[in-house]
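Read top to bottom, the protein sequences are chains A and B.
Heads up: the first sequence is residues 2 to 313, going by our numbering.
Heads up: the second sequence is residues 126 to 668, going by our numbering.
What follows is a short report on a single structure.
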Amino acid sequence: MINTLMGSFSQEEFLLSGHNACPGCGPAIAVRHIMKVTASRAVIVIPASCWSIISGVVPLRALETVVMHCPFPSAAATGGGIKKGLEAVGDPHTQVLVLAGDGGTFDIGLQGLSGAAERNEDIIFVCYDNEAYMNTGMQKSSASPYGSYSTTTPAPKVKGNPKKDIMKIMAAHQVPYAATATIAFPGDLSSKVERALERKGFRFLHILTPCPQGWGSPIDKTVELSRLAVLTRLFPLWEVEGGVNYRINFLPEEYLPVNEYLKSQKRFSSLEQSQVDFIQENVERQWEELCHKAGVANRFSAALAGHKNGRK
Amino acid sequence: MRSSGNKNQYSPPPAYLETVPTPVNKTGLWRFLTPVRKEKISPCRMLCPLENGIPRWMNKAREGDWEGSWLIMKEYNPFPAITGYTCYRFCQEKCSRSSLDDAIAIGEVEKAIGLWRHKNYGFNKAASDRDNLLKGREGKRKKVAVVGSGPAGLSCAYYLNALGAEVTVLEKMPLAGGLLATGIPEYRLPRSILKKELEILQSEGIVIKTGLDVGKDISLSDLEQNFDAVLLAVGAQESRPLKVAGDDLPGVTGAVEFLRDIHLGKVREVQGRVVVVGGGNAAVDAACAATLQGAGEVTLLYRRSLEEMPAHPDEVNAARDAGVNFVFQTVLKEITGSGKVQRVRAARTAPSRRGETLQILPETDFDLECDFIIIAAGQESGLPKLTPLSFSPEGIFNNESIIFAAGDALSGPATVADAIFSGRKAALSLAGVLWPGEGIGDLPGIAPPLGGKEEVVEFDTLNPYLFPRQGRFSSAQKEAGRCFSCGICNGCGVCWVFCPDLAVAGSREDFEILLDYCKGCGICVRECPAGALDMEEVTSGGA
């Protein structure tokens, strides 16, 4: 019996074949599943990012809905404006979904995002996070994790600061709904999009979407890396409502060591054991904190459970 | 401020309708490697003596479709109830699931399918299947005699009957079933199961004649004259003598004969101390049977160590539970007694592996008091007694001959599943001779044996992450749901779910890869929980 997190999905597709994503693209899988839920109920706003290419260079169209391209820093502002405009012309039902990369969310788009969140604009802001500026040539962003290689942080001077915790920033804005999701758990991802659609106000989805080209991982491992990120608790699946009600959506059966996730990615190839240990410590600390917030007992907090040989 | 009147004048710009949908962009041109659907052999099928296509019927059983699982099962094994009880479950030894939590209880699911068939025979069309297979073959009747009603003979009879032959099974014992009736202990195979199976075979048109000894009551040449083909499945039921002094004393018997006498009711009680000599299943079964018949003390002597015993560990454990004493690295040298067995002289041996020559240690002789000795030093085929012909390993005398052999008679003592498989192979070869040029080997009703070159699924190619860890279920249907379906696509749809290019299309069971759009990332291959997809270099076709 396949894990229930696989879920059941609509047969209808709103992403078309022949789009411009690279082979093994994580963001393409994420948007395919988001669109299965939103269908053509939503208008999409895309700032400069991978998706501004994937969705089609004029006159091509890969998404079966209205798409608005906008400048890099203004994704949230454009989304909010479109929503206000729709309301003004008497359409309160059409949803506005902003589809920004990590650059358009964590760095360049942060002021617009913060403003829109504070004003509680009635939009869904989806950040598909591939942890660097992949579209322009893999420059580091503030979403790049500690120890990762990029063209602006080449080895051995890899990124020395941890990844910006965007979810904490969003929780601090006390937005009605903020959640993390990833492509290896598409059932969880679609139910979070559904939950976001049910609510009003500013809704934020942080979706980890591995990028084989940028991460230096085999192109067939996109989904596996996304899964390992969850199983190693580097990227736990959780949600928060109103900045206060935390809920962990998936408690791994076993806690894998972070190295399981790091080892198949070239961007972490220069890491030394002490750095891996540092990442592991960070994971344990953040997980403890998250468990505390969600009121869940951290089952294996004392010792890291062993990696069972049977698993891949 | 906009007036309410303006709202009605507003209409959305039709700009996006003028764009071109991306399917004009044939991204399949980017591809280097192509995912190809490639069914493989599961580890359970590889270890099964019957080469049973286990994942295929598991996938039906998971949906509660017992009818469908029986229809698949009978291509490999017409007697799942019997093997469900008697088989040692070699299949479960390397089940991929055992690397995650616990091997699937394959034998229990098989038993459930067999019992479903027993219950529904005569009521359900699929369970009573003779008509289904006979379609269009009524005018092609051939007469076949099967000598021996053990699992090999019955399995061959079943398949030939289904193909439209008139089958007569001849059994020299008063009970039909061969070793199933007179060898396997009742606690391993309830006789009601065998009885039901024989009833079904008879109502499907197979004639079973008991108490008819070929060679005495009727000669082999008579059979050859009266039938189009003869199958010899007489088993290996002659106990090999031990050839030590005193083995002709009263109170010395062979294990097969001893078990047979118990099952035929000739021996009702065993008294005193019993010594069993041998390390095979027959020895252990005989030791257990002696205990059950009331023997005071049962001692089993085996010349090598416990690890080297040919008997299945399940049997050994059952015998230990029944109170049989095991004495290892000991050989029997002499049987003594006046008028009847009184004691045996035995000696210790040096540690050795099976196949190595045995070294008896000097000055280790000791005596054991006993009243009854059961010799289980191997069994011999019944073929040489019956015919001077020699058979190829496939059981064929020669290409023009109509005499075939199958089962233990051909291979020496083996398991029930081995015998059923041998019967199935004999049925296929016989069909080729009886109905030449009809392509019987390609009939979907009988699975041909594997070629031995098939690829076996490795655990690494599966995707256990998609399955939660769970223990075994007592319900057969739920238990079947735990199966990974190694090597066989069961339409789970994972490839479709994870494809970034929407290049998996069609229904779940019968999907196709859209080569115009597949960029060859291989996510579907890596994520497939059954390992039924492979990345291959495809030079022709595609975009």
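Glycine included, each C-beta is placed from N, C-alpha and C at the ideal position.
Just so it is clear, the structure is predicted and the values come from calculations on it, not from any experiment.
So residue i is in the beta strand (DSSP E); what residue range does that whole segment cover?
i: F279/A; result: It is not in any beta strand (DSSP E) - F279/A instead sits in the alpha helix (DSSP H) that spans 274–295.
i: Q96/A; result: 96–102
i: L431/B; result: No beta strand (DSSP E) contains L431/B, which DSSP labels as neither H nor E.
i: K268/B; result: 267–272
i: A471/B; result: 468–473
i: K458/B; result: 455–461
i: L229/A; result: Premise fails: L229/A lies in the alpha helix (DSSP H), 223–232, not in any beta strand (DSSP E).
i: I528/B; result: 528–530
i: G27/A; result: Counting along the chain, G27/A falls outside any beta strand (DSSP E), though it belongs to the alpha helix (DSSP H) covering 27–39.
i: N450/B; result: 450–452
Which first and last residues belong to the alpha helix (DSSP H) in which residue i is found?
i: F623/B; result: 619–623
i: P509/B; result: 508–511
i: K320/B; result: 316–328
i: A186/B; result: 179–187
i: E192/B; result: 191–201
i: A287/B; result: 276–287
i: V369/B; result: No alpha helix (DSSP H) contains V369/B, which DSSP labels as neither H nor E.
Do you know how far the Cα of residue j is from the Cα of residue i?
i: M660/B; j: G645/B; result: 8 Å
i: G82/A; j: N121/A; result: 12 Å
i: P180/B; j: P375/B; result: 52 Å
i: R152/A; j: F598/B; result: Note that residue 152/A corresponds to Thr in the displayed sequence, not to Arg. Straight-line Cα distance between these residues: approximately 53 Å.
i: I318/B; j: A251/B; result: 19 Å
i: I500/B; j: A412/B; result: 10 Å
i: I333/B; j: T293/B; result: 6 Å
i: N310/A; j: P60/A; result: Low local confidence applies: a pLDDT of 37 at N310/A is under 50, so the model's placement there is unreliable, with the coordinate-based value given in what follows. About 51 Å.
i: L263/A; j: F269/A; result: 6 Å
i: C212/A; j: R248/A; result: 27 Å
i: A605/B; j: S280/B; result: 25 Å
i: C169/B; j: E218/B; result: 8 Å
i: A295/A; j: N246/A; result: 7 Å
i: H1/A; j: A117/A; result: What is shown of chain A runs 2 to 313, which leaves residue 1/A out entirely.
i: I528/B; j: E349/B; result: 8 Å
i: L670/B; j: V469/B; result: Lying outside 126 to 668, the shown extent of chain B, residue 670/B is not represented and no answer is given.
i: K465/B; j: D410/B; result: 24 Å
i: T39/A; j: A206/B; result: 51 Å
Smallest Cα separation from residue i: which of the options?
i: G188/A; options: A31/A, V259/A, S275/A, W216/A; result: A31/A
i: V629/B; options: P160/B, V149/B, E143/B; result: P160/B
i: D641/B; options: D626/B, V381/B, K268/B, R633/B; result: D626/B
i: S11/A; options: S192/A, P72/A, Q175/A; result: S192/A
i: I498/B; options: A380/B, N615/B, E329/B, P205/B; result: A380/B
i: I47/A; options: P155/A, G80/A, G116/A, E119/A; result: G80/A
i: L252/A; options: W239/A, G110/A, W216/A; result: W239/A
i: M298/B; options: K268/B, G330/B, V339/B, P574/B; result: V339/B
i: G243/A; options: M171/A, I249/A, Y147/A, Q281/A; result: M171/A
i: A408/B; options: G397/B, Q396/B, V423/B; result: V423/B
i: S328/B; options: A370/B, V650/B, Q396/B, H243/B; result: H243/B
i: R228/A; options: V359/B, F592/B, G557/B; result: F592/B
i: G537/B; options: S554/B, E324/B, P509/B; result: P509/B
i: A185/A; options: G193/B, L285/B, E637/B, F623/B; result: F623/B
My assumption, with CB atoms under 8 Å, is that residue i sits in contact with residue j. Please give the rounded CB distance.
i: L384/B; j: G278/B; result: Actually they are not in contact, since the Cβ atoms of L384/B and G278/B sit about 19 Å apart, beyond 8 Å.
i: A230/A; j: I125/A; result: Not a contact, Cβ separation roughly 22 Å.
i: T154/A; j: F236/A; result: 20 Å between Cβ atoms; not a contact.
i: A472/B; j: V452/B; result: Incorrect: roughly 12 Å between the Cβ atoms, too far for contact.
i: E291/B; j: V272/B; result: Between V272/B and E291/B the Cβ distance is about 15 Å, and since that is not below 8 Å, they are no contact.
i: T233/A; j: L209/A; result: Not really, about 12 Å apart at Cβ, beyond 8 Å.
May I ask you to list the residues that DSSP assigns as paired with residue i?
i: F516/B; result: Its beta-bridge partners do not exist; DSSP assigns none.
i: T335/B; result: E296/B
i: W239/A; result: I249/A
i: N249/B; result: Y246/B
i: A182/A; result: I208/A
i: L61/A; result: V145/B
i: A354/B; result: V269/B
i: G379/B; result: I500/B
i: D130/A; result: L209/A
i: P163/A; result: P163/A is not bridged to any residue.
i: S554/B; result: Answer by DSSP bridge pairing: none, since S554/B is not bridged.
i: P160/B; result: M660/B
i: S364/B; result: Q504/B
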